[in-house]
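Reviewing the structure listed below.
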Amino acid sequence: MEYLRTFKPLFSIAPHWRPIRCIKPRSCSNLANSSVTSRERRTTRDKFKSQISCGPSFQDFIKGVSAGQTSAADGESSHRHAYLSEELDMGDSRKVYFETYGCQMNVNDTEIAWSILQRKGYQRTIDLSQADVVLLVTCSIRDKAEQTIWNRLQQLTALKKRRLKTHTPMKIGILGCMAERLKTELLEREKLVDVLAGPDAYRDLPRLLALADGGQQASNVLLSLEETYADVMPVHHAPQGHSAFVSIMRGCDNMCSYCIVPFTRGRERSRPVSSILEEVRLLSEQGVKEVTLLGQNVNSYRDMSEEQFCGSDLTQLSRGFKTVYRTKQGGLRFSDLLDRVSRIDPDMRIRFTSPHPKDFPDEVLHLIAERKNICQQIHLPAQSGSSKVLKAMRRGYTREAYLELVRNIKKIIPEVSLSSDFISGFCGETEDDHLQTLSLIREVGYNVGFLFAYSMRQKTHAFHRLQDDVPAEVKHQRLEECISVFREEAARVNAALIGSTQLVLVEGESKRSAKDMCGRTDGNIKVIFPKEDVAAQPAKSDSAPVNAGDYVLVKILSANSQSLRGRALRHSSLRDMAQHCETLPRHLLDGHVASGSTMTDTCP
0 MEYLRTFKPL FSIAPHWRPI RCIKPRSCSN LANSSVTSRE RRTTRDKFKS QISCGPSFQD
60 FIKGVSAGQT SAADGESSHR HAYLSEELDM GDSRKVYFET YGCQMNVNDT EIAWSILQRK
120 GYQRTIDLSQ ADVVLLVTCS IRDKAEQTIW NRLQQLTALK KRRLKTHTPM KIGILGCMAE
180 RLKTELLERE KLVDVLAGPD AYRDLPRLLA LADGGQQASN VLLSLEETYA DVMPVHHAPQ
240 GHSAFVSIMR GCDNMCSYCI VPFTRGRERS RPVSSILEEV RLLSEQGVKE VTLLGQNVNS
300 YRDMSEEQFC GSDLTQLSRG FKTVYRTKQG GLRFSDLLDR VSRIDPDMRI RFTSPHPKDF
360 PDEVLHLIAE RKNICQQIHL PAQSGSSKVL KAMRRGYTRE AYLELVRNIK KIIPEVSLSS
420 DFISGFCGET EDDHLQTLSL IREVGYNVGF LFAYSMRQKT HAFHRLQDDV PAEVKHQRLE
480 ECISVFREEA ARVNAALIGS TQLVLVEGES KRSAKDMCGR TDGNIKVIFP KEDVAAQPAK
540 SDSAPVNAGD YVLVKILSAN SQSLRGRALR HSSLRDMAQH CETLPRHLLD GHVASGSTMT
600 DTCP
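Residue numbers (numbering that gives the first Met the number 0): 0 to 603.
And the structure:
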């Protein structure tokens, strides 16, 4: 929902996307094959440092016009700068350390930024003390998130000053939404930052770091109407490599009155479907068992990259929902993408986040219900249970329309798990509005919730038009009440799963005990179970250990508001369960078993 943005090089045009299959592997081979020695690099860099204080000359810009954008040897578009020697934007084996804050989109942005830097010969380190470059991938959705970054910058600056005496000077960079929102303030405030790169400028990172290495602060916070990084293969660093995030679109057009995302991430643009499918295929070949499709408004995906997609059909919204912009037409829609992605590997789970409730036409819901590897879990951000507050938020729906959508979802997908977002203390919220939110939480019954007190952001509609008139203590009191009710309902919903057998994708050892394993159900609920060998196949006596990335059937024995506990019964797979479900009577497809039944009596 709230994500970071990247910025593009000044005076340049965003390159058009290229299919991923045209990309060569991201490696340090270019650096290794280079005939330029380290001494020559140092000589070139010293000369550059002596020139950079005066900046590029007029002749450099004239050269830049004639040179323009050239194509690199590997076929990838490359921005050339006449005043910047080609060797200087190489990493020269310098070590880069990433810290990622905020949402899953920032995790994906980190993978994209690292792919670009790796290509230029940088090395990644997980040891901060060894880092030559420290990059913070930031979030701006709330003031607290930004304060966390300011505090971290103070710590890193102290480390940087100590390091200057003994080692190569450390460079500190801010990437993403905070860079986009604050811009020059980050460079000027106490001189804590060397490099700024917004969410649409990650391609420019090698140049920015080269400028910083020359002793200058460097910034690129330009937003793009085109950038999707379709031709950049992210370097995935998911736990054990069994799950991955795949970005399918960037930006947001909804303009909710409280939200900073359209101002830090820009307008919506969708990544070409061919690029997405190629990345998912590669992940499947690498043994990834779960892919989450990402976007600020992921289910408003609309690919217009091919002429055959550019029809005149109007975008279909959920019944009773509207937008602040004119209805869009044409394009390959989210249901088409979801259909194609789910066909790549029937044994790979498909999730998506973060959606908007307006973009759930029946065709999407029926696809989720029918396709066994599309998880029957939907994130449905409500934000408030009061129609008056929803109108002030410019959400495009009423309480009644939202509840009607919930009923429609549960009708089409009976075993669906729902999660949501709520904001407490928005502008003008009364006690009655708050009580309506509590009643909505009770009526829907969510498994998971993300709840926050309202934090006004500059540039938003609310900042310019509304009054932040709910006292801080009232916001936090209401937030605590919402959290309490949410936990009560989540405990009730999860308790209904006791006695059922769930298909769990194992993530690894439990953080609390090495004697337990943990994983997640189709509904994205955490399950904890003892670490022990289980049957490798049904009706077989041989057993096998349970490892991260395995699918296992787990009998649920207890539950609370945050997780389930059970015992693993046997190894399984999505294909196995899909075939098993097709042979069962309809009354056994509700996911529950009677006491004492075996694992073959039901489906998850």
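Beta carbons: idealized from backbone N, C-alpha and C, even for Gly. Small disclaimer: the values here were computed from a predicted structure and weren't measured.
Q | Those runs of the beta strand (DSSP E) which lie wholly inside the segment 214-288 and span at least 3 residues | A | 217-219, 242-246
Q | the segment 545-554 contacting the segment 503-512, beta-carbon criterion three pairs below 8 angstroms | A | yes
Q) Would you report the Cα separation of Ala-196 and Leu-155, rounded to the nearest angstrom? A) 18 angstroms
Q | Opening and closing residue of the beta strand (DSSP E) in which Tyr-550 lies | A | 550-558
**Q.** DSSP beta-bridge partners of Ser-572
**A.** None, per the DSSP bridge assignment.
Q. Beta carbon of Ser-334, beta carbon of Val-363: below 7 angstroms?
A. yes
Q. Taking the continuous alpha helix (DSSP H) assigned at Tyr-401, which residues delimit it?
A. 398-411
Q | DSSP bridge partner residues for Met-516 (one or two, in chain order) | A | Glu-508, Phe-528
Q) At which residue ranges does the segment 355-379 contain complete beta strand (DSSP E) runs of 3 or more residues, listed in the order of the chain? A) 376-378
Q.
Can you look up Phe-425 in the DSSP assignment and give me helix, strand or coil?
A. coil
Q) Among residues of its own chain, excluding the 5 on either side of Met-455, which ones have a beta-carbon nearer than 7 angstroms to its beta-carbon? A) Ala-461, Phe-462, Asp-467
Q | Residue span of the beta strand (DSSP E) that contains Lys-94, given as start and end | A | 94-99
Q. What's the C-alpha gap between Asn-446 and Gln-216?
A. 46 angstroms
Q) If we ignore side chains and look at the alpha-carbon of each, how far apart do Val-388 and Leu-478 end up? A) 15 angstroms
Q. In whole angstroms, what separates the C-alpha of Trp-113 from that of Gln-103?
A. 16 angstroms
Q | Distance, Ala-494 Cα to Arg-20 Cα | A | Low per-residue confidence applies at Arg-20: pLDDT is 31, beneath 50, and the placement is therefore not dependable, though the value from the model is reported in the following sentence. Each residue's Cα considered, the two are about 47 angstroms apart.
**Q.** Cβ pair count under 8 angstroms reaching 3, the segment 350-370 against the segment 306-316
**A.** yes
Q) Is the Cβ-Cβ distance between Thr-137 and Ile-173 less than 7 angstroms? A) yes
Q: With DSSP collapsed to three states, give me the class of Val-469.
A: coil
(Q) By the three-class DSSP mapping on this structure, what secondary structure does Val-314 have? (A) One detail in the question is off: residue 314 reads as Thr in this sequence, not Val. In this structure, Thr-314 counts as coil in the three-state DSSP scheme.
(Q) With a threshold of 6 angstroms on Cβ separation, who are the neighbours of Leu-379 within its own chain once the five nearest residues in sequence on each side are excluded? (A) Pro-356, Leu-417, Ser-419
Q. What's the C-alpha gap between Ser-269 and Ser-512?
A. 42 angstroms
Q: Output the distance between the C-alpha atoms of Ala-368 and Gln-376, rounded to the nearest integer angstrom.
A: 10 angstroms
Q: Note the first and the last residue of the continuous alpha helix (DSSP H) segment covering Ile-125.
A: Counting along the chain, Ile-125 falls outside any alpha helix (DSSP H), and DSSP gives it neither H nor E.
**Q.** Residue from Pro-198, Met-347, Arg-202 with nearest C-alpha to Arg-575
**A.** For the sequence presented, residue 575 should be read as Asp rather than Arg. Of the listed residues, the one whose Cα sits closest to Asp-575 is Met-347.
**Q.** Three CB pairs or more closer than 8 angstroms across the segment 484-494 and the segment 430-444
**A.** yes
Q) Could you give the distance in angstroms between the alpha-carbon of Ile-115 and the alpha-carbon of Tyr-121? A) 9 angstroms
Q) Start and end of the alpha helix (DSSP H) containing Lys-170? A) From DSSP, Lys-170 is part of no alpha helix (DSSP H) but of the beta strand (DSSP E) over 170-175.
(Q) Helix, strand or coil, according to DSSP, for Asp-302 in the structure here? (A) strand
(Q) One question on the structure: do Ile-140 and Tyr-228 come within less than 7 angstroms of each other, judged by their Cβ atoms? (A) no
(Q) Would Arg-393 and Cys-255 be called neighbours here (beta carbons separated by less than 7 angstroms)? (A) yes
**Q.** CA-to-CA distance, Gln-117 to Met-232, given in whole angstroms
**A.** 11 angstroms
Q) Does the distance from the C-beta atom of Asn-170 to that of Ala-211 stay below 7 angstroms? A) Note on identity: in this sequence residue 170 is Lys, with Asn being the wrong assignment. Yes, Cβ-Cβ distance for Lys-170 and Ala-211 is below 7 angstroms.
**Q.** For Thr-436: DSSP bridge partner residues
**A.** Per DSSP, none; premise fails for Thr-436.
**Q.** Three-state class that DSSP yields for Thr-352 in the structure shown
**A.** strand
Q: Check each candidate in Gln-146, Asp-193, Ala-200 and name the one with the smallest Cα separation from Gly-213.
A: Asp-193
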